[in-house]
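There are 2 protein chains.
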Amino acid sequence: MKLYYVTGNELKIKLAKKIFSKYGIEVIQNDMDPPEIQSLDCKKVADFSSSYAANILNERVLKNDSGLFIDALNGFPGALSKFAEDTIKSEGYIKLLKGEKNRNCHWEEVLSFAEPNSPPISFTSITKGKIAEEVHEGRGYDFDKIFIPENDTRTFSEMTEEEQINCFNTNAYEKLAEYLKKNY
Amino acid sequence: MKLYYVTGNELKIKLAKKIFSKYGIEVIQNDMDPPEIQSLDCKKVADFSSSYAANILNERVLKNDSGLFIDALNGFPGALSKFAEDTIKSEGYIKLLKGEKNRNCHWEEVLSFAEPNSPPISFTSITKGKIAEEVHEGRGYDFDKIFIPENDTRTFSEMTEEEQINCFNTNAYEKLAEYLKKNY
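For the protein sequence lines, the chains are A and B, in the order given.
Just so we're aligned, residue 1 is where the first sequence starts under the numbering used here, counting upward by one.
Just so we're aligned, residue 1001 is where the second sequence starts under the numbering used here, counting upward by one.
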């Protein structure tokens, strides 16, 4: 079985190839840029884009979508994280949570699989964490400077890239690979 | 000439009918719900949706998109205003701007016109204002409780609905009507 993973992210391709190859599934990168719809919900965003790409490419397609969900902010910024990162930046989250005791948040990654003219199916990985009390400078994106993963006291910006990658839950990939193995 | 205005907003339909009828253009409401793409830019969002709807309906279509742009927050929340309103609410803007002297902002409305299989054309109305120092309770949406239009000292929430409507710049409608009259 052959899957076209529609993403420009090399790390995602590497991860998908590593996991799916164990199940005899070939992953091929595709650099199509399908539209992403407005929603806080990563599943809705990924499902729309995977279906769109599957219909255009006439192939079996994978599309992921991810975002930061902060409990005390009703899930903001969710699937729209990159726009918050571009505008209010990590300092914005700190201001929004000033005096707030509930710092719980999670990073969500949805992996959606679609075939032409069929409803998509998706699986979700959740990485729990807390929002730091202040911005911690270091490597990585703005988000990395405020996210403290569960069972650690450091923000991602204070870790090596490898340490950070190991903190992320990626079980959506295994769950999807098992589903495909069973049903195709 | 006949235009299908793709919106569920009765006030927008009323306004469009009032202005376009002066130019001999008939406006018909259509309740299609085309996808809206992720962007801070109302023009990009409106243009994608108007083209999409024009191609599906095979008709000439109008689609609007609007949002709040706060200067000191790099234009946040822009075309994604409704998601900020649903999550961080008006209190969120006040927190993000705490201690900030530059309270300038504007409300932008883009009106996009599309024909099947042609690039869309759009016009923009800008209503300037300032973000209040605190939330002012009253009528209206969350946004109305913090937006003080230029040449006034009250937030929209402290005005009657009619007073608020009169504060909005709607010249995108006239500009588009003139363009259509000239070119069709």
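Quick reminder that beta carbons are idealized off the backbone N, C-alpha and C, glycines included.
A quick note: this is a predicted structure, and the numbers were derived from the prediction, not measured.
Presumed contact (8 Å Cβ cut-off) between residue i and residue j, rounded CB distance
i, j, result
"L40 (chain A)", "G92 (chain A)", "At roughly 16 Å, the Cβ-Cβ gap does not stay under 8 Å, so L40 (chain A) and G92 (chain A) are not in contact."
"A1046 (chain B)", "K1022 (chain B)", "The pair is not a contact, with the Cβ atoms about 23 Å apart (cut-off 8 Å)."
"C1042 (chain B)", "G1067 (chain B)", "5 Å"
"I1013 (chain B)", "Q1029 (chain B)", "5 Å"
"M1001 (chain B)", "L1180 (chain B)", "7 Å"
"L96 (chain A)", "L1096 (chain B)", "7 Å"
"L80 (chain A)", "L1080 (chain B)", "6 Å"
"D152 (chain A)", "V110 (chain A)", "Not confirmed; about 24 Å, so no contact."
Burial state of residue i, where buried means 16 or more other Cβ atoms lie within 10 Å
i, result
"E162 (chain A)", "exposed"
"R139 (chain A)", "exposed"
"K145 (chain A)", "buried"
"N9 (chain A)", "exposed"
"L1011 (chain B)", "exposed"
"P1119 (chain B)", "exposed"
"T1155 (chain B)", "buried"
"M1159 (chain B)", "buried"
"T87 (chain A)", "buried"
"G129 (chain A)", "buried"
"Y1173 (chain B)", "buried"
"Y141 (chain A)", "exposed"
"E1108 (chain B)", "buried"
"E36 (chain A)", "buried"
"G1024 (chain B)", "exposed"
"I165 (chain A)", "exposed"
Neighbourhood of residue i by C-beta, 6 Å cutoff - its chain only, sequence neighbours within 5 removed
i, result
"V1027 (chain B)", "L1003, Y1005, A1016, K1017 and F1020"
"A1084 (chain B)", "P1077"
"S1112 (chain B)", "A1046, D1047, S1050, K1063, P1120 and S1122"
"K1032 (chain B)", "The question names Lys, yet the displayed sequence has Met at residue 1032 (chain B). Same-chain partners within the cutoff: V1006 and A1053."
"R1103 (chain B)", "K1130 and I1131"
"E1115 (chain B)", "A1054 and R1060"
"P1034 (chain B)", "S1049, Y1052 and A1053"
Contacts around residue i, its chain only, beta-carbon distance under 7 Å, and the 5 residues preceding and following it disregarded
i, result
"N169 (chain A)", "S125, I126 and T127"
"V1135 (chain B)", "S1090, E1091, I1094, K1145 and I1146"
"N1117 (chain B)", "N1055"
"E59 (chain A)", "Y4"
"I1148 (chain B)", "G1129, K1130, A1132, R1154 and T1155"
"S1157 (chain B)", "H1136, E1137, G1138, R1139, G1140, D1144 and K1145"
"E100 (chain A)", "A72"
CB contact check: residue i to chain E, cutoff 8 Å
i, result
"K1128 (chain B)", "Protein chains A and B are contained in the structure displayed, whereas chain E is not."
beta-carbon residue i near the ligand HEM non-hydrogen atom, thresh 7 Å
i, result
"S1122 (chain B)", "This structure lacks the ligand HEM, and indeed carries no ligand of any kind."
Contact set for residue i: own chain, Cβ-Cβ below 8 Å, skip 5 residues either direction
i, result
"Y184 (chain A)", "M1"
Margin query: To be precise: take each residue of the region 88–119 of chain A, compare its Cβ to all Cβ atoms of chain B, and keep it if any distance is under 7 Å. Which residues remain?
Written below: Closer than 7 Å at the C-beta level to chain B, one finds these residues of the region 88–119 of chain A: I88, G92, K95, L96 and K98.
Next item on the list: Quick one: which residues of the region 1064–1088 of chain B get their C-beta closer than 9 Å to a C-beta of chain A? List them in chain order.
Entry: Going along the region 1064–1088 of chain B in chain order, one finds I1070, L1073, N1074, G1075, F1076, P1077, G1078, A1079, L1080, K1082, F1083, A1084, D1086, T1087 and I1088 with a Cβ nearer than 9 Å to chain A.
Notebook entry, point to check: When you check each C-beta in the region 33–46 of chain A against every C-beta of chain B, which residues fall closer than 9 Å?
Noted result: Answer set for the region 33–46 of chain A: P35, E36, I37, Q38, S39, L40 and V45.
Notebook entry, point to check: At a Cβ cut of 8 Å, what residues of the region 48–65 of chain A count as close to chain B, listed as they run along the chain?
Noted result: Listed by position along the chain: F48.
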